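Undergrad:
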Amino acid sequence: MNKLKPIACLNMDKLNLNFFVWFFTLILLMGISQEDAYAQKKLSRKERKAKEKEMLASRLFIEGQKNLMLDDYEKAYFYFIKALEYNEEESAIHFKLSQMMVRAKQFEKALAYGQRALELDPDNKYYHLQIAEIYNNQDKTREAAGVLENLMAKEGNNRQYILDLASLYLKLQDLDKALEALNKAEEYFGVVEQLTAQKQRIYLKKNNLEMAIKEGENLIEAHPGNSRYVLSLVDILFNNNKASQALDLVLSNLEDYPNQPDIKMAAYKLYKGKSEFDKANKYLKEAFANPDLEGDVKAEEFSTILTQSKSTARDQLLDSLSKPMEAIHLNNPNILIALGDWKLQEKALEEAIEYYTNSVKITPSNQKLFQQLIPLMFENQKPFDDIIEIATLATENFPETSEFWFYLGTAQSGNKDNEGAKKSLEEALKLNNELNSQLTLMANSQLGDVLFGLGEKERAFEIYEEVLAQNANNEHILNNYAYFLSLEKKDLEKALKMSQKLVKRFPDNATYLDTHAWVLFQMNRFEEARPFMEKALEKEPHPSGVMFEHYGDIMFKIGEKKIAMDYWNKAKDLEDTSEFLTLKIKNKTYYE
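Under full-length UniProt numbering, residue 592 is the last one in the sequence shown; the count climbs by one each step, no gaps.
1) With 16 as the cutoff for other CB atoms within 10 Å, does G273 come out buried or exposed?
2) What residue from I463, L195, D315, K382 has the CA that sits closest to G414's CA?
3) Buried or exposed: which applies to H329, given that a residue is buried once 16 or more other Cβ atoms fall within 10 Å of its Cβ?
4) Provide the residue span of the alpha helix (DSSP H) that contains residue 617, from first to last.
5) By the 10 Å Cβ neighbour count, where 16 or more other Cβ atoms means buried, how is N480 classified, buried or exposed?
6) Counting pairs of Cβ atoms below 8 angstroms between the region 460-469 and the region 422-436, do you hit three or more?
7) Fully enclosed by the region 382-437, which alpha helix (DSSP H) runs are 4 residues long or longer?
8) Alpha carbon to alpha carbon, how far is A287 from T304?
9) Under the rule that 16 or more other beta-carbon atoms within 10 Å means buried, what is A144, buried or exposed?
10) Near A250, which residues of its chain fall below 8 angstroms by C-beta distance, leaving aside the five closest residues on each side in sequence?
11) Can you tell me whether Y590 is helix, strand or coil according to DSSP?
12) Quick check on DSSP: helix, strand or coil for L293?
13) Determine the contact status of D573 and G545, defining contact as a CB-CB distance below 9 angstroms.
14) Residues in the same chain with beta-carbon distance under 6 angstroms from L451, minus the five sequence neighbours each way, listed in chain order, please.
15) Return helix, strand or coil for Y356, following the three-state DSSP convention.
16) Buried or exposed: which applies to A153, given that a residue is buried once 16 or more other Cβ atoms fall within 10 Å of its Cβ?
17) With a threshold of 16 other CB atoms inside 10 Å of the CB of D36, please say whether the residue is buried or exposed.
18) Once DSSP output is grouped into helix, strand and coil, what is the label at N366?
19) How about Q470: is its C-beta nearer than 9 angstroms to some C-beta of chain B?
20) Mind checking which residues open and close the alpha helix (DSSP H) that includes P531?
21) Give me the residue from S486, K504, A443, L317 with the minimum Cα distance to K285.
22) On the three-state DSSP scale, how would you describe E276?
23) By the three-class DSSP mapping on this structure, what secondary structure does Q316 have?
24) Verify whether the separation of the beta carbon atoms of A564 and Y590 is less than 9 angstroms.
25) Could you pull out every residue in the same chain whose Cβ sits closer than 7 angstroms to the Cβ of E528, ignoring the five residues on either side in sequence?
26) Sorted by chain position, which residues of the same chain lie with C-beta nearer than 6 angstroms to N380's C-beta, five sequence neighbours on each side aside?
27) To the nearest angstrom, how far is it from the Cα of N218 to the Cα of S244?
28) Exposed or buried, E300, counting other C-beta atoms within 10 Å across all chains shown (16 or more means buried)?
29) Could you give the distance in angstroms between the alpha-carbon of residue 593 and the alpha-carbon of F548?
30) Assuming residue 601 is part of the alpha helix (DSSP H), what are its boundary residues?
31) How many Å lie between A132 and E149 at the Cα?
32) Report back the beta-carbon spacing between Y203 and E215 to the nearest angstrom; my notes put them in contact at under 8 angstroms.
33) Spatial neighbours of A471 within its chain, please: CB distance less than 7 angstroms, with the 5 preceding and 5 following residues excluded, ordered by chain position.
34) So the candidates are Y127, D121, D123, P122; which of them puts its Cα closest to the Cα of A110?
35) On a Cα-Cα basis, can you pick out the residue from N253, L496, N87 that is closest to L120?
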């Protein structure tokens, strides 16, 4: 958008400017109709000259207006200045130039033009308002107030500007005059909330509580049944140690208008303040049962109660309040969060996850909820597809948050989507940029597994080495690095040291026992491998197919072929077995 430049910036090349003015003047004069020319013959030469100037000024003014509407302020300014040269007595030109100077923040020039406009047309209220605005911009509040006072004193319907005058008095801290102006405004506009609230603030500032209360009562009387006005007065009463009077006002209003849930919430809080909990909870339950009470209000109060010390009475109240919340507001994300928090506190994790999931799908802009929900889904072993859905939503709404990409990559890895996992984990590492060392370690650990699955084995081993250089006891890396080396029959002594470290630290961990057994197997130490594999099967409640297959392989190598066949057959209906299992069973021999 073009902006008005300082006057110094509006100079043109003098020769071009003179030519432009001469040419434009010629065109305008040629445009005067023959009829006008004939009419001018009847005028004296002096009158004719004045008439021509007036018409020219009018046309220049119109051109200025046109360019002003097009936001071409430089041209508009030029035309207005030229118009003024031809008719200095036209107030509208001065007014427009004053407005342009205000836009350019050249307030002294704006004031000069504005005062000249007012001098030429002292009854034009817009010129008064223009000067008041300029004074206000110059922080000359008292002068601005004086201009409005003069305007108000004139005949005509100018009372609507009384609020502007009241605002200026408040700025001057002239509270008595502000009250006087607000009272006059009330005569004009009627008893309305904005005026009453401002008057109450003034009375409270003057330590006149009685009048502040009276103003609130007048507002309630003028607008019966409006609960907001009742609550406003309740706040004033309560904050000024008049809780009993506030309660009387609430109960009185409920007698006339019993179906106002926000007033019942006020009754609940006031009775709660008096430790009359039975009465308080009665009003609370009634308020929650009303669909007109906003869901956010219910969610906030429910969450407040949830922070109280656990007790039978508290739990019963929460249970009672949760029913209308679920029945009425299940599309309110804050209600769902409050209910999820309740279920999380009650250790009902599946229900908590469901509430949180529904909430974040309605409002995916809640970053904090994503940060709470996704780890909870991992901890409770939710299906990877479900975690991927939520983690994807998180990355779409917070694409610069590295942890969400890490969660997505981890879930994709668990879902055997190694290509997707690789992209997500690399994005997490790029965004994290070593800022969170723990995240870097975890993401690299996952990325190593993914790369191995994609056949990028050497790069996977390099990443494992990097992680172990920072944390030599990283369990995940020690286990997977040892296992993958054993699969490759590479650096088996190194693999053995890593798996030994794990089984020594975690002697009952079935996964680590299985890895150690398989490293020994690949080193042809079958008898040593057997007890570790047997212990792995003993410690794992639900052994995987590969664990049964490993035990079968070990038993085959030590000559227990019948046992080997039994365990290979156990493995065949499970997942994660080798590509050779079918051949092993078919030909009753070991393949690799």
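The C-beta atom is built at its ideal place from N, Cα and C for all residues, glycine as well.
Only a predicted model underlies this, so the values are computations on that prediction, with no experimental measurement involved.
TA: Taking the coordinates as given:
1) Reading the sequence shown from its first residue, position 273 is the one you call residue 273. In summary, G273 is exposed, with fewer than 16 beta-carbon neighbours lying within 10 Å of its beta-carbon over all protein chains present.
2) Taking the first residue of the sequence shown as position 1, residue 414 is located at position 414. Comparing alpha-carbon positions, the option among I463, L195, D315, K382 lying closest to G414 turns out to be K382.
3) To locate residue 329, count along the sequence shown from 1; it is residue 329. The residue is buried, with at least 16 neighbouring Cβ atoms inside 10 Å.
4) Missing from the structure shown is residue 617; the chain here goes from 1 to 592 and no further.
5) Start at 1 with the first residue of the sequence shown, and residue 480 comes out as number 480. Counting Cβ neighbours within 10 Å, N480 comes out buried, since at least 16 surround it.
6) no
7) 384-397, 402-414, 418-432
8) Here residue 287 refers to the residue found at position 287 of the sequence shown. Here residue 304 refers to the residue found at position 304 of the sequence shown. Rounded to the nearest whole angstrom, the C-alpha separation of A287 and T304 is 16 angstroms.
9) Position 144 of the sequence shown holds residue 144. By the 10 Å Cβ count, A144 comes out buried.
10) Residue mapping note: residue 250 aligns to position 250 of the sequence shown, counting from 1. At residue 250 the sequence reads Val, which differs from the Ala that was named. If we look at V250 and ignore the five residues flanking it on each side, its Cβ neighbours are V230, V234, I263, A266, A267, L270.
11) Mapped onto the sequence shown, residue 590 falls at position 590. Three-state result, Y590: coil.
12) The count along the sequence shown starts at 1 and reaches residue 293 at position 293. Here L293 sits in coil by DSSP.
13) Within the sequence shown, numbered from 1, the residue matching residue 573 stands at position 573. Within the sequence shown, numbered from 1, the residue matching residue 545 stands at position 545. A contact, by the Cβ cut-off of 9 angstroms.
14) Residue 451 sits at position 451 when you count from the first residue of the sequence shown. So the list reads R459, A460, once near-sequence residues are dropped.
15) Mapped onto the sequence shown, residue 356 falls at position 356. In this structure, Y356 counts as helix in the three-state DSSP scheme.
16) Looking up residue 153 in the sequence shown gives position 153. Exposed is the call here.
17) Residue 36 sits at position 36 when you count from the first residue of the sequence shown. Low confidence applies to D36: its pLDDT is 48, below 50, so where it sits in the model is not reliable, and the reading given next is rough at best. D36 is classed as exposed because its beta carbon has fewer than 16 other beta carbons within 10 Å across all chains shown.
18) As a working mapping, residue 366 is identified with position 366 in the sequence shown. N366 sits in coil when the DSSP states are folded into three classes, being neither helix nor strand.
19) Protein chain content of the structure displayed is limited to a single chain, and chain B is not contained in it.
20) The residue labelled residue 531 in the question sits at position 531 within the sequence shown. It spans 526-539 - the alpha helix (DSSP H) in which P531 sits, taken as one unbroken run.
21) On the sequence shown, position 285 is the one that residue 285 refers to. K285 has its Cα closest to that of L317, out of S486, K504, A443, L317.
22) Sequence index remark: in the sequence shown, residue 276 carries index 276 (1-based). Here E276 sits in coil by DSSP.
23) In the sequence shown, counting from the first residue as 1, residue 316 sits at position 316. Helix, per DSSP.
24) For the purposes of this step, residue 564 is taken as the residue at position 564 of the sequence shown. For the purposes of this step, residue 590 is taken as the residue at position 590 of the sequence shown. Against a cut-off of 9 angstroms, the Cβ pair of Y590 and A564 comes out as a contact.
25) Locating residue 528 in the sequence shown gives position 528, counting from the first residue. Same-chain partners within the cutoff: L520.
26) Here residue 380 refers to the residue found at position 380 when the sequence shown is read from its first residue. L349.
27) Along the sequence shown, read from residue 1 onward, the residue named residue 218 stands at position 218. Along the sequence shown, read from residue 1 onward, the residue named residue 244 stands at position 244. Rounded to whole angstroms, N218 to S244 spans 20 angstroms at the Cα level.
28) Position 300 of the sequence shown holds residue 300. The residue is exposed, with fewer than 16 neighbouring Cβ atoms inside 10 Å.
29) This structure gives no information on residue 593, because the portion of the chain shown stretches from 1 to 592.
30) Examination of residue 601 is not possible in this model, given that the chain is present from 1 through 592 alone.
31) Within the sequence shown, residue 132 is the residue found at index 132, counting from 1. Within the sequence shown, residue 149 is the residue found at index 149, counting from 1. Looking at the two C-alpha atoms, the distance is approximately 10 angstroms.
32) As a working note, residue 203 is residue 203 in the sequence shown. As a working note, residue 215 is residue 215 in the sequence shown. Right, the Cβ-Cβ distance comes to about 7 angstroms (below 8 angstroms), so this counts as a contact.
33) To locate residue 471, count along the sequence shown from 1; it is residue 471. A quick correction: the sequence has Asn, not Ala, at residue 471. So the list reads L441, once near-sequence residues are dropped.
34) Start at 1 with the first residue of the sequence shown, and residue 110 comes out as number 110. Minimum Cα distance to A110 is reached at Y127.
35) The residue given as residue 120 occupies position 120 in the sequence shown. Looking at the Cα atoms, N87 is the closest of the given residues.
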